[in-house]
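One structure is given here, and the rest of the page talks about it.
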Amino acid sequence: MNIANESELDQFIKEYPEINMLEILMPDMNGIVRCKRIPRGEFGTFFRHGVKGPASTTLLNVRGEFCDEVDFAGLEGDPDKLIHPIANTLAPITWLKSDTAQVLATFTELDGSAALFDSRNILIKALQPL
3 MNIANESELD QFIKEYPEIN MLEILMPDMN GIVRCKRIPR GEFGTFFRHG VKGPASTTLL
63 NVRGEFCDEV DFAGLEGDPD KLIHPIANTL APITWLKSDT AQVLATFTEL DGSAALFDSR
123 NILIKALQPL
C-alpha cells in the first residue's frame, strides 16, 4: 500500500490553505469508517511519521463494541499501532462549509511493517498468490 508523503501534504495545503482540521478515516473489519481528527499543527507529523492509535479500532463490531472472540487478556491494555495516510486520498470536504479535509489511512506495526489486522492488508496478502 502506498503511504502518502509530506510533499503531497505541502501541495494540498498550497491549494487549500484554509484547511485547519484533518479527519483520518480508517475502515474497521465490517467496512464501517472510524475516524480520528487532528489539528493543522499535527498534519506534518502525521505525514512524516504517522500517529499512534489503538489497535482495536479495526476490530470493533458493527455496534462499536469489542468482539467477544478477541482475547485481550494477554495484552497490557489496548496496544498502539501507527496510522499512516494512504497516497492520493487526501481531499477537502467540499459538500460542507468547513475548514476540514479527509484522508484514508492504514495501520502499521510500530516498526513500520504492515499490521495484519488491517482489512486492506489482509486483502493484499490474499491477492499475492494470484
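If you read the sequence shown in this note's numbering, its first letter stands for residue 3, the second for the next number, and so on.
All C-beta atoms in this analysis are idealised placements derived from N, C-alpha and C, irrespective of residue type, glycine included.
Please read these numbers as outputs of a predicted model, since none were measured by experiment.
Point to revise | Residue interval of the alpha helix (DSSP H) (run including Lys16) | key: Translated into the one-based positions of the sequence shown, residue 16 becomes position 14. Start and end: Glu8 to Glu17.
Review point. By Cβ distance, which residues of its chain are closer than 7 Å to Ile34, with the 5 residues on each side in sequence left out?
Key: Taking the first residue of the sequence shown as position 1, residue 34 is located at position 32. So the qualifying residues of the chain are Val64.
Review point. What number of angstroms, rounded off, separates the C-alpha of Ile88 from the C-alpha of Ile15?
Key: Working through the sequence shown from its first residue, we reach residue 88 at position 86. Working through the sequence shown from its first residue, we reach residue 15 at position 13. Near 17 Å, if we compare the C-alpha coordinates of Ile15 and Ile88.
**Study point:** Between the CA atoms of Leu61 and Met23 - distance to the nearest angstrom
**Key:** By 1-based counting over the sequence shown, the position of residue 23 is 21. By 1-based counting over the sequence shown, the position of residue 61 is 59. If I take the Cα positions, the gap works out to 26 Å.
Check your understanding: Can you give, in chain order, each stretch of the beta strand (DSSP E) that sits fully within the region 47-130 and has at least 3 residues?
Key -> Fully enclosed beta strand (DSSP E) runs of 3 or longer: 53-56, 82-87 and 102-110.
**Study point:** Glu20 - DSSP class collapsed to helix/strand/coil
**Key:** As a first step, residue 20 is located in the sequence shown; it is residue number 18 there, counting from the start. Glu20: coil per DSSP, three-state reduction.
Review point. Based on Cα-Cα distance, which residue from Ser58, Ile40, Lys38 and Leu129 lies nearest to Phe119?
Key: As a working note, residue 119 is residue 117 in the sequence shown. Nearest option by C-alpha distance: Ser58.
Check your understanding: By a C-beta neighbour count over all protein chains shown, 10 Å radius and 16 as the cutoff for buried, is Gly52 buried or exposed?
Key -> Along the sequence shown, one-based indexing puts residue 52 at 50. Gly52 comes out buried.
Review point. In chain order, what residues of the same chain have a beta carbon less than 7 Å from the beta carbon of Pro41, not counting five sequence neighbours either side?
Key: For the purposes of this step, residue 41 is taken as the residue at position 39 of the sequence shown. So the qualifying residues of the chain are Asn22 and Met23.
Check your understanding: Would you say Ser121 and Met31 are within 8 Å of each other, going by their C-beta atoms?
Key -> If you number the sequence shown from 1, residue 121 lands on position 119. If you number the sequence shown from 1, residue 31 lands on position 29. In contact: Ser121 and Met31 (Cβ atoms closer than 8 Å).
Review point. Would you say Leu11 and Gln104 are within 8 Å of each other, going by their C-beta atoms?
Key: Mapped onto the sequence shown, residue 11 falls at position 9. Mapped onto the sequence shown, residue 104 falls at position 102. Contact: no.
**Study point:** Straight-line gap, Ser9 to Arg36 (C-alpha atoms, nearest Å)
**Key:** Position 7 of the sequence shown, counted from the start, is the residue given in the question as residue 9. Position 34 of the sequence shown, counted from the start, is the residue given in the question as residue 36. Cα to Cα, Ser9 sits roughly 26 Å from Arg36.
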